[in-house]
Amino acid sequence: MSGRAGPWARWVDLLATREPGTVLALFRIALGLICLHTVIDAWHSGVDAWVWVDRTEGGVIKVGKGHWLIRQLGGASMETTRALMGLALAGSVSVVMGLGHRIGAIVALQALLGLFAMNPVSGGGHDKLITNALWILLLAPASETLSLWCRIRRGRWTSGRSVVAWPRYLLVFQIALVYALTGMQKLGPAW
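If you use our numbering, the sequence shown corresponds to residues 792 to 982, in order.
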């Protein structure tokens, strides 16, 4: 930090703080693996066929068609579900590998938003945490190290280049906020 006076200058200094990229890279890999697990588990267990498919095609409820990607793919059908799952898988692999992670993050994000929008009651708060984290990853320089992109650009898997620290601050704040609000809600008489 530069030690400048004033709240705005301190805020700018905080957001300009840099740190080694390893933590952000490990988060990128972990988030990509979580997205992969989410989709593969739904496919492997067969849940996708009845949770994200409309009742007219064998699903258990009338699923939503409000997300733009669902409309573009022809509505909530098994083909649409499989297409979104394929896009989510491809984007997640890109995120894990760190090659075009920003494109992979937006592809996985939009595909997962489409899947989650088809049946909002099929998921939980973790769906929103995953999609929020993908937004942050989209904006963060998360492939500076431990990535295929680093390997191609620098000839090695790791890099000593620093990255901005604000994505980590935002992720920690998000987790703290979620757990704090969850704890406060459990203080009510209904619990």
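Quick reminder that beta carbons are idealized off the backbone N, C-alpha and C, glycines included.
In this text, all values refer to a predicted model and were calculated from it rather than measured experimentally.
Query, Result
"Cβ-Cβ separation, V842 to V851 (assumed contact under 8 Å), whole Å", "7 Å"
"Own chain partners of R942 with C-beta closer than 8 Å, once the 5 adjacent residues on each side are dropped", "W948"
"Selected residue, minimal CA-CA separation from N910, among T973, G891, A931, H858", "H858"
"Chain-order list of residues whose beta-carbon lies under 7 Å from that of E810 (same chain, five-residue window excluded)", "S953, V954, A956"
"Inter-residue spacing [alpha-carbon to alpha-carbon] between T872 and K853", "14 Å"
"Three-way DSSP call (helix, strand, coil) for L947 in this model", "Correcting the residue type first, residue 947 is Arg in the shown sequence and not Leu. R947: coil per DSSP, three-state reduction."
"C-alpha gap between R944 and F907, whole angstroms", "36 Å"
"Straight-line gap, E848 to M869 (C-alpha atoms, nearest Å)", "7 Å"
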